[in-house]
Structures are given as structure tokens and as C-alpha cells.
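Protein chains in written order, with the working numbering: chain A, 1 to 243; chain B, 244 to 656.
All residues carry an ideal CB built from backbone N, CA and C; glycine is no exception.
Keep in mind the model is a prediction, meaning the values are calculated, not measured.
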Amino acid sequence: MTANDVLLHTQALKKAYRMGGDTVWALAGVDIDIVRGEFVAVMGPSGSGKSTFMNLIGCLDTPTSGSILLDGSDISRLKADELAAIRNRYIGFVFQQFNLLPRMSALENVKLPLLYSGVPEQEWDTRAIACLEQVGLGKRMDHHPSQLSGGQQQRVAIARALVNDPSLLMADEPTGALDTRTSEEIMRLFEDLNNGGRTVILVTHESDIAAHAKRLLLFRDGKVISDAPTAVRRLAERERVPA
Amino acid sequence: MLRILILFRVAAGALRVNVLRSILTMLGIIIGVGSVIIMVAMGAGAQAKVDTFIEGLGGNVLVLFGGMRGGGGPVNLGAGEVQTLSEKEIALIEAQIPEVESAAPVLFSQAQLIAGNLNWSAQIHGSTNNYFIARNWPVVEGREFSAQEERSAEKVIIIGKTIAKELFGAADPIGQSIRVRDFNAIVIGVLQEKGQDARGDDQDDIAILPIQTVRNRLTGISGHNPKEIRMSFIKVRDGANLESVQSDITSLLRQAFRIPANQDDEPFRIRNLTEMIETRAETTRVFNNLLAAVASVSLVVGGIGIMNIMLVSVTERTREIGLRMAVGARPFDILSQFLIEAVVLCGAGGALGIATAFVIVYALERLIAFEGVIEGQVVVLSLAFSAIIGVFFGYYPAWKASKLQPIDALRHE
Chain A
1 MTANDVLLHT
11 QALKKAYRMG
21 GDTVWALAGV
31 DIDIVRGEFV
41 AVMGPSGSGK
51 STFMNLIGCL
61 DTPTSGSILL
71 DGSDISRLKA
81 DELAAIRNRY
91 IGFVFQQFNL
101 LPRMSALENV
111 KLPLLYSGVP
121 EQEWDTRAIA
131 CLEQVGLGKR
141 MDHHPSQLSG
151 GQQQRVAIAR
161 ALVNDPSLLM
171 ADEPTGALDT
181 RTSEEIMRLF
191 EDLNNGGRTV
201 ILVTHESDIA
211 AHAKRLLLFR
221 DGKVISDAPT
231 AVRRLAERER
241 VPA
Chain B
244 MLRILILFRV
254 AAGALRVNVL
264 RSILTMLGII
274 IGVGSVIIMV
284 AMGAGAQAKV
294 DTFIEGLGGN
304 VLVLFGGMRG
314 GGGPVNLGAG
324 EVQTLSEKEI
334 ALIEAQIPEV
344 ESAAPVLFSQ
354 AQLIAGNLNW
364 SAQIHGSTNN
374 YFIARNWPVV
384 EGREFSAQEE
394 RSAEKVIIIG
404 KTIAKELFGA
414 ADPIGQSIRV
424 RDFNAIVIGV
434 LQEKGQDARG
444 DDQDDIAILP
454 IQTVRNRLTG
464 ISGHNPKEIR
474 MSFIKVRDGA
484 NLESVQSDIT
494 SLLRQAFRIP
504 ANQDDEPFRI
514 RNLTEMIETR
524 AETTRVFNNL
534 LAAVASVSLV
544 VGGIGIMNIM
554 LVSVTERTRE
564 IGLRMAVGAR
574 PFDILSQFLI
584 EAVVLCGAGG
594 ALGIATAFVI
604 VYALERLIAF
614 EGVIEGQVVV
624 LSLAFSAIIG
634 VFFGYYPAWK
644 ASKLQPIDAL
654 RHE
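1. Taking beta-carbon pairs under 7 Å, can you tell me which members of the stretch 97 to 118 of chain A lie near chain B?
2. Is the beta carbon of S370/B less than 8 Å from the beta carbon of I272/B?
3. Could you tell me how far apart the beta carbons of I650/B and L588/B are, in whole angstroms, since I believe they sit closer than 8 Å?
4. Taking Cβ-Cβ distances below 9 Å as the criterion, which residues of the stretch 561 to 572 of chain B are in contact with chain C?
5. Which chain B residues sit within Cβ distance under 7 Å of L60/A?
6. Please state if the CB of I477/B and the CB of E330/B are separated by a distance shorter than 8 Å.
7. R89/A: which of K79/A, G29/A and L168/A sits nearest, CA to CA?
8. Taking the beta strand (DSSP E) that E344/B falls in, what are its first and last residues?
9. Within the 8 Å Cβ cut-off, does A128/A reach chain B?
10. Who does G668/B pair with in a DSSP beta bridge?
11. If you follow the alpha helix (DSSP H) that W642/B is in, where does it begin and where does it stop?
12. Does Y17/A come out as helix, strand or coil in the three-state DSSP assignment?
13. Taking only three categories from DSSP, how would you classify A254/B?
14. Just the C-alpha distance for S76/A and I86/A, rounded to the nearest angstrom, thanks.
15. Using a threshold of 7 Å, is the CB atom of S183/A nearer than that to any non-hydrogen atom of the ligand SAM?
16. Just the chain B side, please: which residues come within less than 8 Å of F93/A by C-beta, in chain order?
17. For K398/B, which of I247/B, I406/B, Q446/B and R460/B has the nearest alpha-carbon?
18. Does S490/B pass the burial test, meaning 16 or more other C-beta atoms within 10 Å, or should it be called exposed?
19. Tell me A41/A's beta-bridge partners as DSSP assigns them.
20. Checking contacts by CB at 8 Å: is A244/A closer than that to chain B?
21. I'd like the ranges of any alpha helix (DSSP H) spanning at least 4 consecutive residues and lying wholly in the stretch 543 to 621 of chain B.
22. Go ahead and label G546/B buried or exposed: buried means 16 or more other beta carbons lie within 10 angstroms of its beta carbon, across all protein chains shown.
23. Taking 8 Å as the threshold (C-beta atoms), are L305/B and N659/B in contact?
24. Name, in chain order, the residues that DSSP records as bridge partners for H368/B.
25. Residue range of the beta strand (DSSP E) that G92/A falls in?
26. Shorter than 8 Å from the beta carbon of D294/B to some beta carbon of chain A?
27. Please report how far the alpha carbon of V540/B lies from the alpha carbon of L624/B, in whole angstroms.
28. For the stretch 577 to 590 of chain B, list every residue whose C-beta sits within 9 Å of some C-beta in chain A, in sequence order.
29. Does any residue of chain A have a CB that is nearer than 8 Å to the CB of I249/B?
30. Can you pull the chain B residues whose beta carbon is under 8 Å from the beta carbon of A80/A, in chain order?
31. Per DSSP, what are the beta-bridge partners of D227/A in this structure?
32. Relative to the alpha-carbon of Q439/B, which residue among I280/B, V260/B, V586/B and T295/B has its alpha-carbon at the smallest distance?
33. By Cβ distance below 7 Å, which residues in the same chain neighbour M269/B in space, the five residues on each side in sequence not counted?
34. From Q154/A, A84/A, L13/A and A228/A, pick the residue whose C-alpha is nearest to that of I183/A; which is it?
35. Report the neighbours of N194/A on chain B: residues whose CB is nearer than 9 Å to its CB, in chain order.
36. Going along chain A, which residues have a C-beta under 8 Å from V260/B?
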């Protein structure tokens, strides 16, 4: 492992919230390296700091102290506009509730991040269609979210996360709103993306889901209490699902 | 720049999603812009009418009114009062003031005109041929008075178009006889059609007779002032300064009436006709501007409506804002999106308001005799103004949206 391979590096990362008169340390010093191509699951009980950690490395929030290096550059002290640019270019988000815009077609939803990028408009369709095909929804591009199943909606959301070709794919409870079979399909998609070289960080509270990752970070009380390769890696069933 | 164009599309899309709400929101602006334009059009229409009227006058006419005075004594309002002005003063003005092209003495009367079995009540002016010059009002059929008719009380009459129509219909009135109260007069001419005046009165409902005929047979001769007149139209030569001629006439008459320099009270009044009409038009204009001001209040109310609905929209779409921010929208992009949405709402409302105003003005022109003039600059201004209202009232909601924190916005239920 060389320094060049480190995609994300955090040092003494802390985040405090003011609750009434008290200061609560949601994150009490986290030092983590994530290497390119990793598939990391983040687990922990609620209040453990895993969501705060995700928000910080996802550039949705700024730390109280400590630093975050993304691709070698410090992103912990950036302004709102600069953070927006980082999110647009380097990070793809997948949420539990999909967060698709209901009045737009799947294709338009996928194109949304391109709106805020510098990508020329004539390339938008090509890129968005390629991403939809990658998640297996090439035939449902014109459907609106209400015409799609939960699993299909999450696939659209994943295509949206991929459209700017981000270095980091961040999934926050991506299967939390899905049934077991569909969850399995979505996890298979993440495995495929990781096999293709994409770095994936997954927040979940289900150990079944976390077992798909290669490395497991366990949070408690604002600290990482365990960081180890997944003991028994569980891969999604491939034979049953048509290719 | 490209980003702005894209944001315009996003805004238009967001408004299409809720068409009914968008239209209801625009209604305030539609009504505001529509009524402002209609009011201004009415004002401009009235002004255009006055302008045509003044053009018809020739624009360089002074009107001299006589006052009343008791039989030689101090001012008294009882019977036996006589007019101060007489033909003598008019002749004096014509002789002494070279800038005066022509001065027409006028006596007023009212009489029942009868021709065959038709009768018509008309306004009578007794005057001379100068009347046709001073009022810029030619005789188009027949002829003016002859020198003989002008001097003596000949029973000839020149009639306006309305009287010709009422008494003779399509027939040629020249040479026909009209009974004027108790004598018969021969029609020798018909005046050019003049239409309505600034007040909407029919100016063609008039008959002109030689001044002496009117005096002898209609108004009666006053012993104190046998050549009395009521007023005079005075036409000033082109290029002469109306105001200086006006003051020349004033001092000439003060001299003629032997009014001491320290006395302000004059037994006559002299007015600039253009000025008089302008004054009346000014009143109309002020009134219309007032209405337009009231109408523009509804524009402001419309703007508040826009602000209200934009605030609702920002709250409703908090998650959308959070998502847009998560995928890379800068605060400025969110601000622009909502600001543009407000501007598009107001701009579309303004455009619809203008269209409504055009339809209503057209309908009014058809239904009642109303002339509206919609000027291009008023249209452009009101469109610009409604867009400004969009920026003004849309800014706060848009700013509020742009200040949202992405994580909070994403978690919003």
C-alpha cells in the first residue's frame, strides 16, 4: 500500500454538537485510512457516531477539529461552495429513502448531478443512459419513480450516484427500505461496482448486509472500536438472479 | 451563463408541475399589471383625443370673454346688467395688434329650428366670417356670409352637419328655408364636420347667423351697449407668441376701459384655448394616474402572494433542496433556482396581464365609445416591473432555501 493508494485519510477527526448547555462529542477522534478499491462497511448502534462520520467524509458537514484528506487534499476547512463541488465530482450518495425527485423520469433523475457539473450538456444523455444500463434499468429510463418498485428506485439512485464517475460511493442504509430479496440484488450491484474498482463505503446496522463488504468498521461512543477484514464474507447469490 | 439557462428550464418545469397553483399565484400580478395598463391606456386615450382636438383648433386661438356690469354704475348683479364687450373693442384689437390674424365677435343664443315638419333645438352663434377663420372651421358646402349679409341683419344661416342631418336628412340643405324662432332664414352654407369636443359634446349641433341678425331678432338690443357681444375668438398669426399677444390685448383693453393701473379687477377675461383644454386634460390625467397608482397597489399585493407561495414551496421541497445540494448544487444554484422560479411566475403573470389588458381595452372600444391607447413603453415597463417584483419578493424565500444545511434538508420530513 503506497500513499497514492489512500483515497481517504482522517486524522483526529472530531465533531461536537451543542445540546442545550452541554457539548456532546458525536465523534471523539477518528483516525482512518481508506484505500482505493476498498469495500468498507460501517456499523454501530445509533448515537455511535457512524452517521456523523459519513456526513463528514461525504462533505455534507464540517468537522469541529481534525482533518480529512480526500485524494490527498484537505477538505475539512472548505466553504459551502467548494464542498458542493467536491460532492459533485468525487462523491456519489445512495440514501435509504432513495431521494428521487418524484416528478422527473428516471433518466432526468440520473442527470441531476450533471446539472451542477461542468460536463457539456450534449454528453448528459449518453452518460446517464450508460449508468442506467449499468444498473440494469436501460429499458425503464422514461418511468417516473412512482412507476418503479423500491429496488428499481434504488437502482436509479445508484445510477445517479455514478453519473459523475465519483471516486467514492457512499451508501447510507441502502437496503433499509427494501425486502430481503431486493436487498440481495442491490448488494450484488455494490459488489459488482466494487469489483469494477469503485471504492464503496456502506453504513448499515444489519450484519447480514455488512458481511458483503471486505472490511468492517465498528463505531461506539464516537470512536472506532474495531477495524478488521470481514470475518466471513458473504457474497450475493449469483445463479438465481438472471445476468 | 449556460447554468442560468438550465436553471430557467428547471424553474419552468417546477411551475408546470402545479399549474393551478402557479396560475392562482400569478393572478395578483395578472390583475395588477392588467389594471395598470388599462388605466394608463384610458389616460393616454383621453390625451390623444385632446391632442386631436387642439390640432383641429390650430393651437393659436385666444378666447376673450366679456364681463357683466350694471348700467354704467358699480358692479351689480341685478337686472339691467349689460355685457362689457362690444364689437368696438374687437375692431380695436384687430386694428392695433398686428399679430392678430382675425378676431370674431360672438353672441350666443338658443333657438328652435323648424324645417318642414321637422324641428330641432340648436345652439346659435351670431358672428362674422372671421368666425370661420378664428375657429379654423371652414364652410364646406355653399358659401360664407357676403359683406352685405355680415353688416346688416340679413336672414341667412350657416348650419353644422348635425343640424343638416336632422332637418334635411340626405337632401341638399343649401337654399332651403329654416324657421328660426319667429323668422325664416335661408341656408347658405354647411360647416365642416368637427365631431365631439373634449367633453364629448357634439360640436356640429350649431348654427351661425350674422351677429346683427342674432342681436335684432334673438337676444335683443341693449340700450347701454347696442353693439354688445358675449365673447370673441381671436386667431393669432402663426409664429407669434401667444402669451405676449395675450398681454398686449389685456393692456389694450385696460386702456380702452380706462382701468387704473392699481386695479386688478378687469371686466373681461382672456384665455388661451389650448391652455384651457390642457387644464381639463390634466385633470383627467391626474385622475387616471391616481387610478393607476391604486392599481399598482394590487401589484404589490400580488408580489406578497408570490412571496407567500414561494415560502410554502421552499418548505415543501426541503428534501429536494437537500438532495440537490448533496449531488453538488451550490447555495448560489439553489438561490438562483428559486429566484428564477419567482421571476418566471411574475414575468408570466405580467405577460398574461398585458394580454388581458389588450382584450379588455379592445372590448371596451367595441362596447362603449372609449378610446384606449396602449403604448409600447408601458407594456415593456410593466413587464420589467413585474419581473422586478419577482426578484424583490422572491429573494427572501430563495435566500432561505440556499441557507439550508444539506444534512438537515435531507432529513426533513
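To lay it out plainly:
1. N99, L101, R103, L112, P113, L115, Y116 and S117
2. no
3. That pair is no contact at about 30 Å.
4. The chain inventory of the structure shown lacks chain C, comprising the protein chains A and B.
5. A569, P649 and I650
6. no
7. L168/A
8. V343 to A358
9. no
10. Past the boundaries of the shown model lies residue 668/B; chain B is included only from 244 to 656, so the question cannot be answered.
11. G619 to S645
12. strand
13. helix
14. 11 Å
15. Among the ligands in the structure shown, none appear at all, so the ligand SAM cannot be discussed.
16. A569 and V570
17. R460/B
18. exposed
19. L202/A and L216/A
20. Any question about residue 244/A goes unanswered here, given that chain A covers just 1 to 243.
21. 561 to 569 and 574 to 610
22. buried
23. Summary: the structure shown does not reach residue 659/B, with chain B confined to residues 244 through 656, and so no result is reported for it.
24. F351/B and I451/B
25. I91 to V94
26. no
27. 16 Å
28. none
29. yes
30. R573 and P574
31. L217/A
32. T295/B
33. L588, A591, G592 and L595
34. It is Ser, not Ile, that sits at residue 183/A in the sequence shown. The shortest Cα separation from S183/A among Q154/A, A84/A, L13/A and A228/A belongs to Q154/A.
35. In chain order: nothing, as chain B lies at least about 21 Å away.
36. R103
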